[in-house]
Amino acid sequence: MKQTTLYERLGGYDGIAGFVDSFFSRVQADQQIGRFWQHRGDDGLIREKRITVDYLSLAMGGPVHYTDRDLRTTHKGMGISASDWSVFLGHAAQTMEALGLPQQEYQEVYALLGNLEGDIVEE
Ligand code: HEM
Numbered sequence: 137m138k139q140t141t142l143y144e145r146l147g148g149y150d151g152i153a154g155f156v157d158s159f160f161s162r163v164q165a166d167q168q169i170g171r172f173w174q175h176r177g178d179d180g181l182i183r184e185k186r187i188t189v190d191y192l193s194l195a196m197g198g199p200v201h202y203t204d205r206d207l208r209t210t211h212k213g214m215g216i217s218a219s220d221w222s223v224f225l226g227h228a229a230q231t232m233e234a235l236g237l238p239q240q241e242y243q244e245v246y247a248l249l250g251n252l253e254g255d256i257v258e259e
C-alpha cells in the first residue's frame, strides 16, 4: 500500500497554511517570545508565513520547491534561547490540540519541529 505523506495527511498546502496561521497568531501574542515579532509590518509577516508554509510543505513530503534561505541563516543573530524555543514548541502543541490533529500526525509534526532546534537556538 502506498504510504501517504505527512503533507497529505495534514490536508496539503491549505492544511499546513491553516496550521501556520493559527500557530503564528499564538506565538506573536505570547508574553515571552512575542517580542521577536514586534514592530514588523503586515507584509513581512505574510511573507514569513508563506516561506514557513513552503519550508514545512517540503519537509513533510509535499510537492514544493523551497528556494529560500536556510533556517540557520534566517534566524542568525536573533539570540533565540532554549527557553524561547520551548515556549515556541509549547504553542505548536497547543495549536495541534486545538485543531484536533490525530496522535500520529501530532507526534510527527512535533518531532519535525523539534529537530530544527539546532538551526534556530543560539543561546
Ligand atoms: C523560537 C522560535 C522562532 C522564533 C522566535 C522565530 C522568529 C522569527 C522572526 C522574528 C523572523 C523574521 C526575521 C526578519 O525578517 O527580520 C523569522 C523568520 C523566519 N522564520 Fe522563524 N522563528 C522561530 C522558529 C522558526 C521555525 C521552527 C521555522 C520553520 C519551521 C521558522 C521559519 C522562518 C522563516 C522561513 C523565516 C524567513 C522569512 C523571510 O525570509 O521573510 N522559524 N523567524
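Per the working numbering, numbering through the sequence shown is continuous, rising by one, with the last residue being 259. The beta carbon of each residue, even a glycine, is placed where N, CA and C say it ideally should be.
{"Check": "Tell me which same chain residues have a C-beta within less than 7 Å of the C-beta of M232, skipping the five on either side of it?", "Outcome": "Y242 and V245"}
{"Check": "What alpha helix (DSSP H) runs, 4 residues minimum, are completely inside the segment 187-234?", "Outcome": "207-211"}
{"Check": "Would you check if there are 3 or more beta carbon pairs closer than 8 Å linking the segment 167-183 to the segment 150-159?", "Outcome": "no"}
{"Check": "Apart from the five residues just before and just after W221, which ones in its own chain have a Cβ nearer than 6 Å to its Cβ?", "Outcome": "E253 and V257"}
{"Check": "Taking 7 Å as the cut-off, is the CB of T210 close to at least one heavy atom of the ligand HEM?", "Outcome": "yes"}
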